[in-house]
Amino acid sequence: MPDKYLNTTMPMTVRMRRSPFFNRSQEGGAKGHIVYNNMFIATHFDTPESDYQHLKRAVQLWDVGCERQIEIQGPDAAKLVQMSTPRDISTMLPDQCFYIPTVDRDGYMTNDPVLLQVEPDRYWVSIADSDLMLYYKGLAAGLNLDVTIHEPDVSPLGIQGPLADNLAERVWGADAASIGFFRHTRVDVAGKPMILARSGYSLQGGYELYYEGADGSDELWDLLMSAGGDLDIRAGAPSQTERVEGGLLSYLSDITSDMTPFEAGLGHFCHVDRETGCLALDALRKKAQPVRQVRPVTIAGEPVPPMTGFWQVTDTSGAPVGRISSAVYAYTYHENIAIGLIDRSHWNVDTELLVHTSNGTRSAKIRSGFPGRQAKS
Ligand code: THG
0 MPDKYLNTTM PMTVRMRRSP FFNRSQEGGA KGHIVYNNMF IATHFDTPES DYQHLKRAVQ
60 LWDVGCERQI EIQGPDAAKL VQMSTPRDIS TMLPDQCFYI PTVDRDGYMT NDPVLLQVEP
120 DRYWVSIADS DLMLYYKGLA AGLNLDVTIH EPDVSPLGIQ GPLADNLAER VWGADAASIG
180 FFRHTRVDVA GKPMILARSG YSLQGGYELY YEGADGSDEL WDLLMSAGGD LDIRAGAPSQ
240 TERVEGGLLS YLSDITSDMT PFEAGLGHFC HVDRETGCLA LDALRKKAQP VRQVRPVTIA
300 GEPVPPMTGF WQVTDTSGAP VGRISSAVYA YTYHENIAIG LIDRSHWNVD TELLVHTSNG
360 TRSAKIRSGF PGRQAKS
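FYI, in numbering that gives the first Met the number 0 the residues of the sequence shown are 0 to 376.
Below, the structure written as structure tokens:
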């Protein structure tokens with residue numbers, strides 16, 4: 000892959016992987032980058048605000064090839080996936096995607112993937128940034144399960160924004176474009192049937208195409224770009240501001256490996272009343288009443304600075320009651336919105352707090368919800 004499109008001074012090596020959409024994403028004007036699942040991906044194109052405003056009004060193509068798949072195939076595949084999550088996957092329909100908290104035996108979060116069934120006894124676990132595959136391989140080896148586990152050559156392409164439906168209908172037809180939220184279907188991509196799901200890391204609507212292999216990726220990108228020419232389509236990436244406004248959590252920021260799904264606010268995905276086979280059932284039953292939990296927080300004052308570490312949250316007299324893990328200035332709502340992990344004593348709506356940001360102490364308050372989500376529902 001040529002490096003001429005690399006809009007960065009970051010030194011490259013082979014082990015810092017790039018998806019087949021990397022070059023087109025670079026040509027689309029990528030400026031900021033991060034490493035996620037050992038993959039190099041773009042995070043912004045214009046200013047964060049302009050990327051955000053565009054995502055909210057048009058449609059963007061996102062190289063989210065870093066959402067790596069763990070493929071688990073074989074007669075014990077469902078059993079193994081179920082061992083890792085408290086969400087009851089026996090109810091998952093063949094065309095459904097499930098957001099699943101994954102946990103270790105003690106009920107602590109190991110990842111928060113999207114699960115889908117590719118075919119009977121064959122699952123893809125679409126992971127956030129942690130080495131979950133090793134956990135599955137370890138369990139499969141230790142328990143002698145009848146499964147094979149590997150990372151397939153699959154690179155999701157995000158098609159996100161309010162005009163994504165319009166684009167998908169033009170390219171793949173009305174039936175494919177009208178699938179329900181978190182449902183998937185197969186669409187034709189240059190003669191190959193690939194999975195298209197209505198999902199993605201934004202609250203603006205859209206799809207994810209689970210692109211298989213590398214051949215033809217430029218052609219697909221170009222086809223989508225020309226089909227969406229009059230929709231103001233652009234290259235883009237998940238927007239930190241938009242996802243925080245909408246309360247979409249990020250593993251290793253808002254969810255850390257010392258947290259349970261209950262603490263992460265994912266208790267509705269914990270079916271601890273059923274004998275699912277999740278290895279953490281007993282542990283999670285004891286942890287179902289958390290003493291700290293994720294909460295939406297408003298931080299007063301001018302736009303908050305970028306975060307390079309957690310910010311401590313205290314009560315108004317200075318006693319620690321939690322931390323802020325993500326904070327943004329929400330352009331639409333003209334205020335600072337944050338994701339906090341807050342002690343039970345201080346998590347009620349409207350509780351007054353102090354947030355110790357990197358440029359000073361601000362007053363703050365627990366919100367009733369994330370504004371990007373309230374607006375949608
Ligand atoms: N899509 C796919 N894989 C992924 C992500 C993705 N892997 C990494 C990362 N993102 C995993 N984390 C999330 C977090 C939130 C959501 C998806 C993946 C999400 N949540 C919805 C919400 O909270 O409203 C829906 C949850 C539900 O009700 O099921 O979409 O983005 N393929």
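We put the CB at the ideal spot given by N, CA and C, even for glycine.
Values in this document were obtained by computation on a predicted structure and should not be read as measured data.
Is any non-hydrogen atom of the ligand THG found closer than 8 Å to the C-beta of residue i, if you look at the structure I gave you?
{"i": "P85", "result": "no"}
{"i": "I126", "result": "yes"}
{"i": "D380", "result": "Residue 380 is absent from the structure shown; the chain starts at 0 and stops at 376."}
{"i": "G245", "result": "yes"}
{"i": "Y396", "result": "Since the displayed the chain opens at 0 and closes at 376, residue 396 lies outside it and no answer follows."}
{"i": "V113", "result": "yes"}
{"i": "Y122", "result": "no"}
{"i": "Y98", "result": "yes"}
{"i": "Y250", "result": "yes"}
{"i": "P151", "result": "no"}
{"i": "V293", "result": "no"}
{"i": "V80", "result": "no"}
{"i": "F20", "result": "no"}
{"i": "A175", "result": "no"}
Apply the 10 Å Cβ neighbour rule to residue i and answer buried if 16 or more other Cβ atoms are within range, or exposed otherwise.
{"i": "V320", "result": "buried"}
{"i": "R343", "result": "exposed"}
{"i": "P302", "result": "exposed"}
{"i": "Q288", "result": "exposed"}
{"i": "A299", "result": "exposed"}
{"i": "D128", "result": "buried"}
{"i": "E150", "result": "exposed"}
{"i": "D257", "result": "exposed"}
Rounded to the nearest angstrom, what separates residue i and residue j at their Cα positions?
{"i": "D281", "j": "H32", "result": "41 Å"}
{"i": "F97", "j": "F181", "result": "7 Å"}
{"i": "R104", "j": "P295", "result": "28 Å"}
{"i": "T109", "j": "E244", "result": "24 Å"}
{"i": "D111", "j": "S24", "result": "25 Å"}
{"i": "T350", "j": "D214", "result": "54 Å"}
{"i": "S225", "j": "S177", "result": "21 Å"}
{"i": "Y200", "j": "E66", "result": "11 Å"}
{"i": "P93", "j": "Q116", "result": "6 Å"}
{"i": "S376", "j": "T84", "result": "Because the pLDDT of S376 is 42, which lies under 50, any placement of that residue in the model is unreliable, and the number read from its coordinates should be weighed accordingly. One C-alpha to the other measures close to 27 Å."}
{"i": "G212", "j": "D152", "result": "5 Å"}
{"i": "E118", "j": "A140", "result": "23 Å"}
{"i": "S49", "j": "S238", "result": "10 Å"}
{"i": "A363", "j": "L265", "result": "24 Å"}
{"i": "L54", "j": "D231", "result": "10 Å"}
{"i": "F44", "j": "L142", "result": "46 Å"}
{"i": "N165", "j": "F21", "result": "24 Å"}
Taking Cβ to Cβ, would you say residue i is nearer than 9 Å to residue j?
{"i": "V124", "j": "L114", "result": "yes"}
{"i": "A236", "j": "W61", "result": "yes"}
{"i": "S216", "j": "S316", "result": "no"}
{"i": "G27", "j": "A234", "result": "yes"}
{"i": "P100", "j": "P305", "result": "no"}
{"i": "A329", "j": "I336", "result": "yes"}
{"i": "L156", "j": "E207", "result": "yes"}
Less than 8 Å between the CB of residue i and some heavy atom of the ligand ADP, yes or no?
{"i": "R372", "result": "For the ligand ADP, the structure offers nothing, since it holds only the ligand THG."}
Looking at the unbroken alpha helix (DSSP H) that takes in residue i, where does it start and where does it end?
{"i": "S225", "result": "216-226"}
{"i": "N22", "result": "21-26"}
{"i": "Y135", "result": "131-142"}
{"i": "M82", "result": "76-82"}
On the DSSP letters alone, give me the boundaries of the beta strand (DSSP E) that residue i sits inside.
{"i": "V320", "result": "319-329"}
{"i": "W171", "result": "Careful: W171 lies outside any beta strand (DSSP E), inside the alpha helix (DSSP H) at 163-171."}
{"i": "R56", "result": "R56 -> not in any beta strand (DSSP E); alpha helix (DSSP H) instead, spanning 47-56."}
{"i": "G31", "result": "31-35"}
{"i": "V412", "result": "Beyond the ends of the chain as shown, which are 0 and 376, falls residue 412; an answer cannot be given."}
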